[in-house]
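Visitor: Counting with the numbering used here, you get residues 119 to 828 for the letters of the sequence shown. Every residue gets a Cβ at the ideal spot worked out from N, C-alpha and C, and that includes glycine.
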Amino acid sequence: MCPRPAIRIIPSIRGITDNPGIGIGGRRRQPPARPWFQASVAAALAFGAAAASRPPPSWDAWRLDHPEAVPTAYQRDGRVRLYFGEPPAEVMLEGRLQTTRDGFPAADFGLIRLQYDRSPPRRPDGSRRWRRVPVVAGETWTRLIAALDAALVPAGTNRALCFQTALGEGLVWRNPRGDIQRRWGRQPPPGVRIVRQMSLPEFGRRLAGEIRRWLEVHWPGEPTVCLVANGGSAEPFFLFVDQEQRRVLACLPPREDDPRVGHFLPATLTRDVATLVVEGHLWAFVKNPVSSAARLVDRAGETVRRLLASRLKDVAGEPPPLAPDRPGMDLESWESWLDRKTGTRREPGSVRFLVDGVRFFPVLEKRLQEARKSIRLQVGIYDNDDVAVAIADLLRDKSRTVTVQVLMDRYSSTAAHRAWSATPPPPGFRPPRSIAAYLERGSRVHVRPFLNTWGSADHTKLYLIDGRFAYVGGMNVGREYRFEWHDLMSEVRGPIVASLEREFALAWAHAGALGDLAALWRRLNSAAPPSAPEPDADQVLLRRLHTTTTSKTIHRAVREAIDRARREVFLENPYLFSNDIIVALARARHRGVDVRVVMGAKNNMAGGPASNLVVANYLLGEGVRVYFYPGMSHVKALLVDGWACWGSANFNGLSLRNNLELNLASSDPRVAGALRRDLFEPDFALAHELTRPVQVSWTDALMQNILSRL
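Here it is in structure tokens:
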């Protein structure tokens with residue numbers, strides 16, 4: 119077979135040969151084409167050439183063809199642009215950092231999701247607003263990583279630091295020869311033990327400080343530098359180090375296989391209607407006629423009360439100086455008041471606080487793996503991301519040998535499946551459409567939903583293992599709670615766990631097909647709880663507080679504690695919307711009490727950031743110290759004169775009046791001291807304290823007014 123001749127595109131379209139009268143094979147050439155035909159051929163050739171040089175439709179596809187490409191970087195305020203290649207094949211990645219209204223960054227270590235643009239605007243060279251940024255890559259990045267490892271590695275040998283990054287967890291340690299070792303994942307090699315753990319926000323802040331110090335030596339005078347990093351996989355990411363504003367921005371490229379979507383689909387809307395209308399009301403009324411009717415009456419009364427609630431009012435006079443040496447409230451008298459007014463009692467138990475997902479989830483996984491009899495989960499959200507699926511796989515495996523029951527809020531879990539997490543899942547991960555179906559498929563896991571009658575929700579976070587361990591706090595099952603948000607859980611042991619088991623059994627019965635009838639049968643046939651024994655030497659007295667249809671003991675206890683405060687009130691909560699709690703804080707400050715409030719610089723609720731700024735201005739004007747924790751804080755904790763209270767309840771109307779909530783409280787100095795040491799003191803040190811009012815608009819005030827009535 120003769121080889122096919124090469125095809126060459128001839129620039130001229132006036133003729134195929136130079137002889138105007140002779141064509142191919144000696145035949146006479148046809149008359150010249152008309153102008154419109156010539157123009158069409160030229161346009162087709164131009165379009166073909168442009169299509170051949172046009173960049174691929176995704177960043178993943180472009181990166182496969184250009185694995186070693188180094189960008190040209192630009193920054194403007196919180197926006198970044200990264201240009202790759204040259205026109206007409208140029209592409210761009212662009213992103214924006216979330217900042218607060220006050221101008222300080224939402225975190226000194228921020229995450230930016232970059233968007234891919236294969237038809238980018240011209241490079242902003244010469245622009246007064248955009249700044250071209252030096253790019254550090256290759257060997258320089260390797261030297262920087264070595265310096266970071268040396269700064270972070272724990273002292274001694276075979277002692278590892280476990281740290282979280284946007285792309286996963288890693289370990290760094292020294293081997294017996296003194297060489298620094300690093301690996302991805304949190305499973306240490308034989309002989310190495312984890313002695314310290316850093317969450318993503320903690321590691322980000324430490325990383326930001328070490329990078330800034332390194333650049334001051336090696337790149338002095340450069341206000342901003344872009345580092346082309348590699349997270350231990352084939353996927354690079356980019357770090358913008360802004361030395362003027364003292365922050366580091368981790369810029370994550372888009373991924374073609376990222377399964378999370380941020381828009382509503384018709385099927386999603388149909389599911390929502392079915393969840394709220396068909397299940398939450400029609401089916402709920404069939405199986406829970408008594409409790410649904412009671413919830414309707416309670417909801418109606420609470421709605422009227424909220425509509426008539428007053429707005430934030432200034433407290434008369436100027437706040438007096440603080441009195442740090444003043445004794446706090448009488449805790450014995452306070453506990454007696456709680457006994458009488460809330461109908462609750464104290465029970466023995468031990469408490470260990472677990473701050474952030476990097477500390478809680480490894481402990482939870484260990485307890486789940488070691489379970490011998492039963493595993494019971496009651497959560498507001500069971501997501502369908504990679505973290506939730508990993509826990510689900512563990513539950514499915516354990517269900518072959520132990521009883522596994524999962525009670526989740528129906529609508530909250532469904533809604534969470536649509537939400538973006540700030541950090542990407544592992545490459546290739548595909549979420550299940552229904553986490554409940556995934557849990558039950560091919561296993562003996564039992565799943566029941568809490569149905570959302572009249573807009574109520576089961577906001578409880580309770581994990582029970584073997585009747586020996588209970589975990590209470592603010593963390594659901596999902597990626598945000600393990601990697602991204604600042605949050606608090608507590609490990610509880612002792613006699614109080616039996617009471618928490620009884621509470622779960624009642625909630626489980628109520629969520630079943632027989633509903634009210636099953637719950638009544640369970641209540642009538644449950645043995646009366648024994649009188650609380652005296653605590654052992656390593657135990658303390660703990661009190662369970664709730665929000666239910668007929669009991670609002672969390673709200674009553676929190677409000678009364680703030681009103682009784684004489685020395686200090688420390689409060690951390692993401693959704694501080696309840697006006698009566700806010701005004702009570704202001705009044706406490708006017709009694710000379712040291713009142714401090716911590717909010718997150720980020721907030722995931724619609725209108726939440728605006729409302730928090732209005733509340734922050736009000737409290738600051740009343741003399742309260744207000745802090746914005748870098749990033750999203752999901753902590754729900756209160757410390758009043760040695761009385762500690764923590765759990766699932768936010769300080770808004772939904773948690774204090776409408777949802778199902780579980781908090782724990784204690785006046786034991788060991789518990790109060792641990793909460794101060796493990797949570798409040800570190801958060802005060804890390805947070806940005808507000809020193810002047812933030813500019814707000816009438817729409818912000820309107821949003822605060824709306825959220826205060828929900």
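Can you list, in chain order, the residues of its chain whose CB lies under 6 Å from that of residue 667, leaving out five sequence neighbours each side?
Guide: 412, 413 and 416
Visitor: Where residue 678 and residue 770 are concerned, what is the direct C-alpha to C-alpha distance, given to the nearest angstrom?
Guide: Whole-angstrom Cα-Cα distance: 16 Å.
Visitor: I'd like to check one pair, residue 593 with residue 576: are the Cβ atoms closer than 8 Å?
Guide: no
Visitor: For residue 462, name the three-state secondary structure that DSSP assigns.
Guide: coil
Visitor: Starting from the C-beta of residue 433, find all residues in its chain whose C-beta is less than 7 Å away, skip the five residues before and the five after it, and write them out in chain order.
Guide: 704, 705, 708 and 740
Visitor: Hey, is the stretch 632-639 in contact with the stretch 535-546, meaning 3+ C-beta pairs nearer than 8 Å?
Guide: no
Visitor: Examine the Cβ distances between the stretch 691-704 and the stretch 717-731 and report whether three or more of them are shorter than 8 Å.
Guide: As far as the Cβ criterion goes, the stretch 691-704 touches the stretch 717-731, which means the pair count is three or higher.
Visitor: Cα separation between residue 394 and residue 558?
Guide: 22 Å
Visitor: Drop a sphere of 10 angstroms on the beta-carbon of residue 184, count the other beta-carbons inside from all chains shown, and report buried for 16 or more, exposed for fewer.
Guide: So residue 184 ends up on the exposed side.
Visitor: Tell me which same chain residues have a C-beta within less than 6 Å of the C-beta of residue 614, skipping the five on either side of it?
Guide: 465, 467 and 660
Visitor: Does the separation of the CB atoms of residue 732 and residue 713 fall below 8 Å?
Guide: Contact: no.
Visitor: Return the chain-ordered list of same chain residues with a C-beta closer than 8 Å to the C-beta of residue 233, the five sequence neighbours on each side being excluded.
Guide: 211, 212, 213 and 372
Visitor: So for residue 431, helix, strand or coil by DSSP?
Guide: coil
Visitor: Where residue 445 and residue 702 are concerned, what is the direct C-alpha to C-alpha distance, given to the nearest angstrom?
Guide: 20 Å
Visitor: Using 10 angstroms around the beta-carbon of residue 861, count the other beta-carbons present and answer buried if the total reaches 16, otherwise exposed.
Guide: As displayed, the chain neither begins before 119 nor continues past 828, which places residue 861 out of reach and without an answer.
Visitor: Does the distance from the C-beta atom of residue 447 to that of residue 255 stay below 8 Å?
Guide: no
Visitor: Note down, in chain order, each residue of its chain lying with its Cβ closer than 6 Å to the Cβ of residue 800, except the 5 sequence neighbours on either side.
Guide: none
Visitor: I need the straight-line Cα distance from residue 279 to residue 267, nearest angstrom please.
Guide: When rounded, the distance between both Cα atoms is 10 Å.
Visitor: Pick helix, strand or coil for residue 583, following the three-state DSSP scheme.
Guide: strand
Visitor: Could you spell out where the alpha helix (DSSP H) holding residue 681 opens and where it closes?
Guide: Note, residue 681: alpha helix (DSSP H), 671-682.
Visitor: Can the beta-carbon of residue 368 be found less than 8 Å from the beta-carbon of residue 229?
Guide: yes
Visitor: Suppose only complete runs of 4+ residues qualify. What are the alpha helix (DSSP H) ranges in the stretch 399-456, listed by chain order?
Guide: Counting only runs that start and end inside the stretch 399-456, the alpha helix (DSSP H) elements of at least 4 residues fall at 402-405 and 407-425.
Visitor: Check whether the Cβ atoms of residue 481 and residue 596 lie closer than 8 Å to each other.
Guide: no
Visitor: Going by Cα to Cα distance, which pick from 408, 450, 603 and 491 is closest to residue 474?
Guide: In terms of CA proximity to residue 474, 603 leads the group 408, 450, 603 and 491.
Visitor: Quick check on residue 812: does DSSP put it in helix, strand or coil?
Guide: coil
Visitor: By the three-class DSSP mapping on this structure, what secondary structure does residue 490 have?
Guide: coil
Visitor: Out of curiosity, what's the CA-to-CA distance linking residue 781 and residue 471?
Guide: So the two alpha carbons sit approximately 14 Å from each other.
Visitor: Taking residue 585 as the reference, which of 600, 611 and 566 has the closest Cα?
Guide: 611
Visitor: Which residues in the same chain as residue 632 place their Cβ atom closer than 7 Å to its Cβ, once the five residues preceding and following it in sequence are excluded?
Guide: Residues 405 of the same chain have their beta carbon placed closer than 7 Å to that of residue 632, with the five preceding and five following residues left out of the count.
Visitor: Looking only at C-alpha atoms, which of 579, 727 and 820 sits nearest to residue 764?
Guide: Cα-wise, what sits closest to residue 764 is 579.
Visitor: Note down the Cα distance separating residue 312 from residue 479, rounded to an integer number of angstroms.
Guide: 15 Å
Visitor: Residue 507 and residue 550 - do their beta-carbons sit closer together than 8 Å?
Guide: Less than 8 Å divides the Cβ of residue 550 from the Cβ of residue 507.
Visitor: Let me know the secondary structure DSSP gives residue 513 once reduced to three states.
Guide: Per DSSP, reduced to three states, the secondary structure at residue 513 is helical.
Visitor: Would residue 670 be called buried (16 or more neighbouring beta carbons within 10 Å of its own) or exposed?
Guide: buried
Visitor: Which two residues bound the contiguous beta strand (DSSP E) that contains residue 748?
Guide: 743-750
Visitor: Tell me which residues share the same chain as residue 202 and place their Cβ nearer than 6 Å to its Cβ, disregarding the 5 neighbours each side in the sequence.
Guide: Correct list, in chain order: 187, 189 and 209.
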